[in-house]
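In what follows, a structure is listed as structure tokens, so that the remarks can point back to it.
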Amino acid sequence: MTHAQLHCIFPQCDARYSVNSDATACTACKGLLDVRYTGIDASTVKELAQLRRMNNRDVRDRSGVWRFRHLLPFYLEHTKKEGNLVSLDGMEGNTWLIHVTRAAEYAGLPSENVWFQFEGNNPTGSFKDNGMAAAFTHAKMLDRKYVACASTGNTSASVAAFAANELNQMRAAVFIGDGKIARGKLAKTLAYNPKVLQVAGDFDDAMARVQEVSQSEGIYLMNSVNPFRLEGQKTIMHRVWEGLDWQVPDWVVVPGGNLGNCSAFGKAWHELYELGLTDKMPRIAVINAQGSNMFYQLVQQGAAWNGGKVNREHYQQAFNNAPKPHTRASAIEINKPVNFYKALRMLEWTNGVVREATDAEMLEAQAVVTRNGYGCEPASAATLVGMRKLCAEGIIKPSDRVVGIFTGHLLNDAEALIEYHASDEQHRFSNSPVKVANSLDAIVAALR
Ligand SMILES: *Cc1c(COP(=O)(O)O)cnc(C)c1O
Ligand SMILES: [Zn+2]
Numbered sequence: 000m001t002h003a004q005l006h007c008i009f010p011q012c013d014a015r016y017s018v019n020s021d022a023t024a025c026t027a028c029k030g031l032l033d034v035r036y037t038g039i040d041a042s043t044v045k046e047l048a049q050l051r052r053m054n055n056r057d058v059r060d061r062s063g064v065w066r067f068r069h070l071l072p073f074y075l076e077h078t079k080k081e082g083n084l085v086s087l088d089g090m091e092g093n094t095w096l097i098h099v100t101r102a103a104e105y106a107g108l109p110s111e112n113v114w115f116q117f118e119g120n121n122p123t124g125s126f127k128d129n130g131m132a133a134a135f136t137h138a139k140m141l142d143r144k145y146v147a148c149a150s151t152g153n154t155s156a157s158v159a160a161f162a163a164n165e166l167n168q169m170r171a172a173v174f175i176g177d178g179k180i181a182r183g184k185l186a187k188t189l190a191y192n193p194k195v196l197q198v199a200g201d202f203d204d205a206m207a208r209v210q211e212v213s214q215s216e217g218i219y220l221m222n223s224v225n226p227f228r229l230e231g232q233k234t235i236m237h238r239v240w241e242g243l244d245w246q247v248p249d250w251v252v253v254p255g256g257n258l259g260n261c262s263a264f265g266k267a268w269h270e271l272y273e274l275g276l277t278d279k280m281p282r283i284a285v286i287n288a289q290g291s292n293m294f295y296q297l298v299q300q301g302a303a304w305n306g307g308k309v310n311r312e313h314y315q316q317a318f319n320n321a322p323k324p325h326t327r328a329s330a331i332e333i334n335k336p337v338n339f340y341k342a343l344r345m346l347e348w349t350n351g352v353v354r355e356a357t358d359a360e361m362l363e364a365q366a367v368v369t370r371n372g373y374g375c376e377p378a379s380a381a382t383l384v385g386m387r388k389l390c391a392e393g394i395i396k397p398s399d400r401v402v403g404i405f406t407g408h409l410l411n412d413a414e415a416l417i418e419y420h421a422s423d424e425q426h427r428f429s430n431s432p433v434k435v436a437n438s439l440d441a442i443v444a445a446l447r
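Going by numbering that gives the first Met the number 0, the sequence shown opens with residue 0, and the numbers climb by one from there.
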């Protein structure tokens with residue numbers, strides 16, 4: 000029998016709560032919460048995942064999230080039935096490791112030691128679908144019919160799609176600020192038909208309002224401060240582990256915004272290690288955008304988890320005074336990362352590092368990926384920039400086995416591509432249309 004509980008992440012507090020609660024903070028100390036388990040049977044973990052992958056009849060087994068449901072068994076606490084697992088009919092989390100030769104070369108690493116996982120190939124175009132499968136399952140456990148989030152696009156699209164797929168059982172509200180939002184992300188969000196509220200204010204205002212509203216109206220909050228979302232996102236690492244034939248890579252590289260994903264990755268590997276299923280931890284590298292690099296700066300200045308002994312007032316001050324973030328990589332344009340403390344803990348667990356990437360570097364790295372026939376959005380390309388920098392610094396070594404996560408789909412931000420490739424400004428990998436006269440001779444000449 001497994002058992003799941005919510006724990007305050009601060010060991011000094013260690014308050015515990017039932018998972019049949021939608022709390023996103025410890026009532027004793029306001030700390031973030033983790034879902035923790037006892038009773039997971041380590042001896043069957045790999046075999047179960049493998050068996051389920053081969054069984055393509057059951058939606059829950061087809062899902063790249065629920066194939067690993069025995070590593071996130073919080074749902075058993077309530078109904079004791081697996082039938083309530085929420086899934087986009089098995090489509091979420093169907094991603095796997097591939098080699099991208101040009102990207103590895105660009106990073107300066109031998110391609111056979113480098114893998115990438117394209118989480119943008121999820122049904123709504125980002126890794127967020129991994130998390131929503133789990134968080135919607137939890138919302139249903141609590142019998143919640145109304146869910147909400149604040150978002151710059153990918154979270155809102157994922158929330159809206161999962162709610163739409165529940166037909167009339169679930170309603171979704173999405174809060175956006177009146178700032179810039181990539182058109183592809185706005186378009187997909189509108190199309191999945193949630194109630195979209197454009198708050199007169201910026202993203203931080205939208206975030207503050209959605210938290211208030213969810214508190215006062217009992218609306219279920221879908222932002223990554225929700226610990227159940229991170230349970231679903233752990234499976235991104237479970238698939239990496241599976242793809243490496245149950246070996247642990249030396250490095251995992253991932254962009255950081257609200258720092259939920261990198262925290263989920265750290266938790267996934269930590270749990271496998273604690274279960275005795277792995278014998279080491281990978282090192283995790285988190286890549287900020289230079290225009291929204293609070294995490295990078297604070298870690299540079301010595302921020303560390305220290306077993307939970309951190310000066311929280313100091314960091315609260317820092318976040319209150321944080322400058323407005325500004326980057327082309329809209330998915331990581333965040334300077335008050337809600338999962339900051341979980342991310343610090345992850346750095347301690349994994350001997351992790353943080354780096355930053357400029358917009359120009361991300362757009363160039365994005366172009367390298369497309370030149371290999373694949374694609375990701377600008378924020379995702381931070382992964383490749385970070386890999387390249389860490390290789391140049393000699394921190395990632397050519398003999399290391401390295402995994403990069405590309406978090407979002409190429410077409411989430413079509414404007415960025417057009418600006419890069421077809422504006423007047425020339426870039427290293429620009430590919431703009433060749434103007435040619437409407438004549439065979441001219442065309443033949445241009446094709447040479
Ligand atoms: C949400 C998102 C991120 C940032 O993830 P966090 O968990 O907020 O750090 C990065 N890339 C893409 C494409 C995203 O949608
Ligand atoms: Zn606490």
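A virtual CB, placed ideally from N, CA and C, is assigned to each residue, including glycine. All values derive from a computational prediction rather than experimental measurement.
Any non-hydrogen atom of ligand 2 closer than 6 Å to residue i Cβ
i     : result
PHE9  : yes
CYS25 : yes
GLY30 : yes
ALA14 : yes
Residue i Cβ short of 6 Å to ligand 1 heavy atom set
i      : result
ILE331 : yes
GLY92  : no
ASN260 : yes
ASN334 : no
THR406 : yes
GLY255 : yes
ALA160 : no
PHE379 : Here residue 379 turns out to be Ser, not Phe, going by the sequence shown. The answer is yes for SER379.
SER125 : yes
SER291 : no
SER223 : yes
ASN452 : The chain is shown from 0 up to 447; residue 452 falls before or after that span and cannot be answered.
ASN153 : yes
Per DSSP, the bridge partner or partners of residue i
i      : result
HIS69  : Partner(s): none; HIS69 has no beta bridge.
GLN300 : DSSP lists no partner for GLN300.
ASN287 : GLU355
THR37  : HIS2
ILE8   : Answer is none; ILE8 lacks a bridge partner.
GLN315 : GLN315 pairs with nothing; no bridge assigned.
ILE235 : Beta-bridge pairing links ILE235 to no other residue.
LEU96  : GLN116
SER17  : GLN4
ARG282 : TRP250
Residue i versus residue j: straight-line alpha-carbon distance, rounded
i      : j      : result
ARG447 : LYS434 : 14 Å
GLU355 : LYS388 : 9 Å
PRO254 : MET53  : 31 Å
GLN43  : LEU70  : Just to set this straight, residue 43 is Thr in the shown sequence, not Gln. Going by the C-alpha atoms only, they are around 11 Å apart.
SER398 : ASN112 : 7 Å
ALA172 : ALA378 : 25 Å
PHE405 : CYS28  : 35 Å
ASN489 : VAL146 : Nothing in the structure corresponds to residue 489, since the chain is present only between 0 and 447.
VAL298 : ASN257 : 15 Å
MET131 : VAL158 : 7 Å
PRO72  : HIS426 : 49 Å
HIS420 : PRO432 : 9 Å
SER329 : LEU439 : 43 Å
VAL401 : PHE264 : 14 Å
LEU31  : PHE161 : 25 Å
GLY67  : ASN310 : Note that residue 67 corresponds to Phe in the displayed sequence, not to Gly. When rounded, the distance between both Cα atoms is 36 Å.
VAL198 : VAL224 : 20 Å
THR154 : LYS279 : 32 Å
GLY385 : GLU347 : 19 Å
MET221 : ALA156 : 12 Å
PHE117 : ALA103 : 15 Å
Cβ of residue i within 7 Å of any chain C Cβ
i      : result
ARG101 : The chain labelled as chain C is not found in the depicted structure, where only one protein chain is given.
If we count Cβ pairs, one from each stretch, closer than 8 Å, do we get three or more for the region 225-244 versus the region 358-371? Counting C-beta pairs closer than 8 Å gives fewer than three between the region 225-244 and the region 358-371, which falls short of the contact rule.
Runs of beta strand (DSSP E) lying entirely within the region 116-180, each at least 3 residues, in chain order: Whole beta strand (DSSP E) segments, 3+ residues: 145-149, 170-175.
Meets three-Cβ-pair contact criterion under 8 Å: the region 265-274 and the region 284-303: Between the region 265-274 and the region 284-303 there are fewer than three inter-stretch CB-CB distances shorter than 8 Å, so the stretches are not counted as touching.
Can you find at least 3 beta carbon pairs, one from the region 243-250 and one from the region 313-321, that sit closer than 8 Å? Fewer than three Cβ pairs drawn from the region 243-250 and the region 313-321 lie within less than 8 Å of each other, which leaves the two stretches out of contact.
So, does the region 332-349 touch the region 152-169, judging by three or more C-beta pairs under 8 Å? These segments do not touch.
Between the region 103-122 and the region 172-185, can you find at least three pairs of beta-carbon atoms closer than 8 Å? The count of Cβ pairs closer than 8 Å, one atom from the region 172-185 and one from the region 103-122, stays below three, leaving the stretches out of contact.
Report the residue ranges of all alpha helix (DSSP H) runs contained in full by the region 368-431; include only those spanning at least 4 residues, in chain order. Complete alpha helix (DSSP H) runs here, min 4: 377-391, 413-421.
For the 8 Å Cβ check, are there 3 or more pairs between the region 213-224 and the region 187-195? No contact exists between the region 213-224 and the region 187-195.
Between the region 236-243 and the region 90-100, do at least 3 Cβ pairs fall closer than 8 Å? Three or more pairs of CB atoms, one per stretch, sit closer than 8 Å, so the region 236-243 contacts the region 90-100.
Enumerated in chain order, which unbroken segments of the alpha helix (DSSP H) with a length of 4 residues or greater are wholly contained in the region 177-262? Runs of the alpha helix (DSSP H) inside the region 177-262: 182-190, 202-216, 226-242.
With three or more beta-carbon pairs closer than 8 Å as the criterion, would you say the region 115-130 touches the region 47-61? At 8 Å Cβ cutoff, the stretches do not touch.
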